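In the working numbering, the protein residues as written are 1494 to 2178. Heads up, the beta-carbon is just placed ideally off N, CA and C, and yes, glycines get one too. Quantities reported herein were computed from a predicted structural model and do not represent experimental measurements.
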Amino acid sequence: MNLDRTRFHVQRFHVSGMHCASCVQRLRDALVKIEGVETAEVNLATEEAALEVDAQRFDPARVAEVDGFRLSASAPEARSEGPRAVLALALALGVKLSPPWVAAVLASVAVLYCGFPFTRGALARARRFAADMDTLVALGTWSALLWSWWLLASGDPGPYWFDGAAMITAFVLVGRWLEARARRRTGAAVRALLDLQPETARVERDGAVVEIPAEELAIGDVCVVRPGERLPADGVVLEGETTIDESMLTGESVPVDKAVGDAVTGATVNGTGALRVRVEAVGAQTALARIVEAVRRAQASRAPVQALVDRVSAVFVPIVLVVATATLVIGGFSDEAILRAVTVLIIACPCAMGLATPTAIVVAVGAAARRGMLFRDAGALERVGALRTVAFDKTGTLTEGRPVVVDTRPVEGVTEDELWRDAATAEDLSEHPLADAIRARGVEPEPVVLFRAVAGRGVRAKTKSGAMILVGSERFLREEGVDVSFLQGVDGTVLAVARDGRPRGVLLVADEARPGASDALDRLRALDVRSVMLTGDRAATAERVTRELGLDDVEAELLPEEKLARLEALPRPVGMVGDGINDAPALAAADVGFAMGGGTDIAIETADVALVRAEPGLVPVAVQLGRRTMRTIRWNLVWAFGYNVIAIPAAIGLVPIPVTPAAAAAAMALSSVLVVGNSLRLAHE
1494 MNLDRTRFHV
1504 QRFHVSGMHC
1514 ASCVQRLRDA
1524 LVKIEGVETA
1534 EVNLATEEAA
1544 LEVDAQRFDP
1554 ARVAEVDGFR
1564 LSASAPEARS
1574 EGPRAVLALA
1584 LALGVKLSPP
1594 WVAAVLASVA
1604 VLYCGFPFTR
1614 GALARARRFA
1624 ADMDTLVALG
1634 TWSALLWSWW
1644 LLASGDPGPY
1654 WFDGAAMITA
1664 FVLVGRWLEA
1674 RARRRTGAAV
1684 RALLDLQPET
1694 ARVERDGAVV
1704 EIPAEELAIG
1714 DVCVVRPGER
1724 LPADGVVLEG
1734 ETTIDESMLT
1744 GESVPVDKAV
1754 GDAVTGATVN
1764 GTGALRVRVE
1774 AVGAQTALAR
1784 IVEAVRRAQA
1794 SRAPVQALVD
1804 RVSAVFVPIV
1814 LVVATATLVI
1824 GGFSDEAILR
1834 AVTVLIIACP
1844 CAMGLATPTA
1854 IVVAVGAAAR
1864 RGMLFRDAGA
1874 LERVGALRTV
1884 AFDKTGTLTE
1894 GRPVVVDTRP
1904 VEGVTEDELW
1914 RDAATAEDLS
1924 EHPLADAIRA
1934 RGVEPEPVVL
1944 FRAVAGRGVR
1954 AKTKSGAMIL
1964 VGSERFLREE
1974 GVDVSFLQGV
1984 DGTVLAVARD
1994 GRPRGVLLVA
2004 DEARPGASDA
2014 LDRLRALDVR
2024 SVMLTGDRAA
2034 TAERVTRELG
2044 LDDVEAELLP
2054 EEKLARLEAL
2064 PRPVGMVGDG
2074 INDAPALAAA
2084 DVGFAMGGGT
2094 DIAIETADVA
2104 LVRAEPGLVP
2114 VAVQLGRRTM
2124 RTIRWNLVWA
2134 FGYNVIAIPA
2144 AIGLVPIPVT
2154 PAAAAAAMAL
2164 SSVLVVGNSL
2174 RLAHE
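Below, the structure is given as structure tokens:
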């Protein structure tokens, strides 16, 4: 049965109640079982669930509460754990300074009130025969509290563990408070982008200018934008001249000149001139909305390395419960055995494991977006750091892509005007950038009755008078049976011209290298990444560009299918940098495809990495960010796994490191904060 994919769309929900990797895995498994949910991605760092749903079968009410987790369409009002943590610390201090019966009451308040979120979460999981971090904390604190009450009530002189129960509650709450504050910073990139959208717009209605909410704008509306204001939507300038600060879109701080007929982007900042702008895109179709969605999609995706964490987290909490129970049983339920069992429950930290990968991904994707790089998913961020080779297209990638004719060389018996006229006639209907260079001459072409462009070779045009004109590469003319000996000794990019099978001459075309292209290749070389140029241009031209920019290798005179074959033969992993359209097959075949664009026309939906501004220097930046991100994730995982490898044996008594339940709570809380803090360093990449 064929499904109508237009029925499917992505809905995002804020999730309350997640604290560790096992929470993420269990919620994801539960969500995909709900009717109408096709796929589910859950992100601990952003506390979001992204669901691909069937609009005809999905009921949002079904996900209001799933497996003890609460999902809502928007983030609820943030409730800080700070006050609860401060109260728990004060109560714990009071327990230390008070006689046993007063300490018992103070510790009970700490566990019952301050620690209520742990108890509530543990009970919710228990009803579904599941366990998570709340289960471990609740079991630890309640065990310490109830056992101490039993000893006190029975007249046993102790020692009591009221202080341990209170300190565990306080330290875990402080840890979660610090962790939540740090995690809120991980989503700063998306929030900063959303804050750029103006709340109101001034539009022309019935001959007057009125102010309306920006979300009420419709395509075709005419907006009036004063100097210094942000544009309310994407559109086209109808009247006025100005400069636009597009740094939020491209990362480039230099303002861009705009005049009548130019496209402008919503949320960019108008300079010194007043504008009348016709709205061309609103809502989800604007460039800003598409960038926000691209960033969110990448942040919510899982890197392949996350699979290891998922497998471990699925069994981690049950293993901890088994270890704690075994410690209790083997110790004969003695005071020391109970103390060690409680310590095991508290010190185990799946929180750090759950945060190790997603926090790094969220921060790195946000940092990339601020620099003008949009990653399609976390997998692309992981692959880009592993690249050994990067292949570049030439025109529009390493060069400006705006060729100009710098010289003409007609053959003997043909005038320069005749050569220009033949070239203008053949290229009149062409959309190739080289055709623009010819049309810039302003020569009146002959009427054409038949036109055909041959990809990667040239064009064929039949005039009304019956003449057949060819314009293209040396290879194209040779394949058409034209004597190309007149091209011997001609260096550079050429457009050879022939009429009725006889050569007419050649136009020499130049395309300047992009600023920073040479430096970008040097930086790739410093990262031990080999650079190769794959181009359909003549070998002589390609070699000149190679020498000028310092490329490691070059393959020239390639047809699109030949470019693909050469790419697949390069050392893997390999990246391909192109314009996202003409190089689509090569971009798809590469391990990482970089689409270079210019603002709103960028191929965001197809590239692994979309470079919002056409700047080769962003490629080594992406490679470096990918490497640093994976290094951060590896260190996070080493810390998260290593911490438990040492902490649990220490709690049992197998390692000669004395650990109390309170110290265990402090260490557990600190481990999560360290993982998030380590990830936040990527924000400065």
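Separation of residue j from residue i, as counted between CA atoms
i, j, result
"Ala2096", "Arg2007", "Caution is warranted here: a pLDDT of 47 is assigned to Ala2096, below 50, making its placement in the model unreliable, and no coordinate value can be reported."
"Ala1841", "Phe1622", "20 Å"
"Ser1958", "Leu1980", "28 Å"
"Ala1991", "Thr1908", "13 Å"
"Asp2012", "Leu2052", "28 Å"
"Ala1777", "Glu1786", "9 Å"
"Thr2171", "Ala1538", "Note that residue 2171 corresponds to Asn in the displayed sequence, not to Thr. Near 13 Å, if we compare the C-alpha coordinates of Ala1538 and Asn2171."
"Asp2094", "Val1729", "With a pLDDT of 48 at Asp2094, under the threshold of 50, the modelled position of that residue is not reliable, and no figure is offered here."
"Ala2088", "Val2152", "54 Å"
"Pro1797", "Leu1689", "33 Å"
"Pro2109", "Val2102", "13 Å"
"Val1508", "Thr1888", "47 Å"
"Arg1902", "Val1999", "5 Å"
"Val2168", "Glu2005", "46 Å"
"Met2161", "Val1665", "8 Å"
"Leu1686", "Ala1782", "9 Å"
"Val1977", "Arg1971", "6 Å"
CB of residue i within 8 Å of CB of residue j, strictly
i, j, result
"Ala1752", "Pro1725", "no"
"Leu1865", "Leu2104", "According to the sequence displayed, residue 1865 carries Gly and not Leu. Yes."
"Gly2071", "Asp1886", "yes"
"Val1837", "Ile2145", "yes"
"Val1770", "Val1702", "no"
"Ile1661", "Ala2155", "yes"
"Leu2027", "Glu2061", "no"
"Arg1997", "Val1904", "yes"
"Ala1603", "Ala1581", "yes"
"Val1936", "Arg1953", "no"
"Phe1944", "Leu1963", "no"
"Ala1884", "Leu2063", "yes"
"Asp1649", "Ala1596", "no"
"Ala1862", "Ile1784", "yes"
Run of the beta strand (DSSP E) containing residue i, from where it starts to where it stops
i, result
"Pro1903", "1897-1903"
"Val1785", "Here Val1785 belongs to no beta strand (DSSP E); instead the alpha helix (DSSP H) covers 1780-1793."
"Gln1504", "1501-1509"
"Ala2013", "Segment 2010-2019 is the alpha helix (DSSP H) holding Ala2013; no beta strand (DSSP E) there."
"Pro1996", "1995-2003"
"Ile1737", "1735-1738"
"Ala1615", "Here Ala1615 belongs to no beta strand (DSSP E); instead the alpha helix (DSSP H) covers 1609-1619."
Coarse secondary structure for residue i, derived from DSSP in three states
i, result
"Leu1867", "strand"
"Val1837", "helix"
"Phe1562", "strand"
"Lys1957", "coil"
"Glu1875", "helix"
"Arg1769", "strand"
"Gly1951", "strand"
"Gly2086", "strand"
"Val1702", "strand"
"Ser1515", "helix"
"Val2102", "strand"
Range covered by the alpha helix (DSSP H) that runs through residue i
i, result
"Ala2155", "2154-2173"
"Asp1910", "1909-1920"
"Arg1968", "1967-1972"
"Glu2061", "2053-2062"
"Val1815", "1799-1823"
"Ile1527", "Per DSSP, Ile1527 belongs to no alpha helix (DSSP H) and is neither H nor E."
"Glu2036", "2032-2042"
"Asp1727", "No alpha helix (DSSP H) contains Asp1727, which is instead part of the beta strand (DSSP E) from 1727-1732."
"Ile2150", "Run containing Ile2150: none; DSSP gives neither H nor E here."
"Thr1634", "1626-1646"
Could you tell me whether the segment 1872-1883 touches the segment 2115-2127, where touching means 3 or more Cβ pairs closer than 8 Å? Contact holds: three or more Cβ-Cβ distances are below 8 Å.
For the segment 1751-1770 and the segment 1786-1793, state whether three or more C-beta atom pairs, one from each stretch, are separated by less than 8 Å. Contact between the segment 1751-1770 and the segment 1786-1793 is absent, with fewer than three C-beta pairs closer than 8 Å.
With three or more C-beta pairs closer than 8 Å as the rule, is the segment 2126-2134 touching the segment 1841-1861? Result yes; three or more Cβ-Cβ pairs closer than 8 Å.
Is there contact here, the segment 1541-1555 with the segment 1633-1653, by at least three beta-carbon pairs under 8 Å? no
Is the segment 1622-1634 close to the segment 1670-1679, with three or more CB pairs under 8 Å? no
On the three-pair Cβ rule with 8 Å, is the segment 1898-1914 touching the segment 1929-1939? yes
Does the contact criterion of 3 or more C-beta pairs under 8 Å hold for the segment 1804-1816 versus the segment 1557-1565? no
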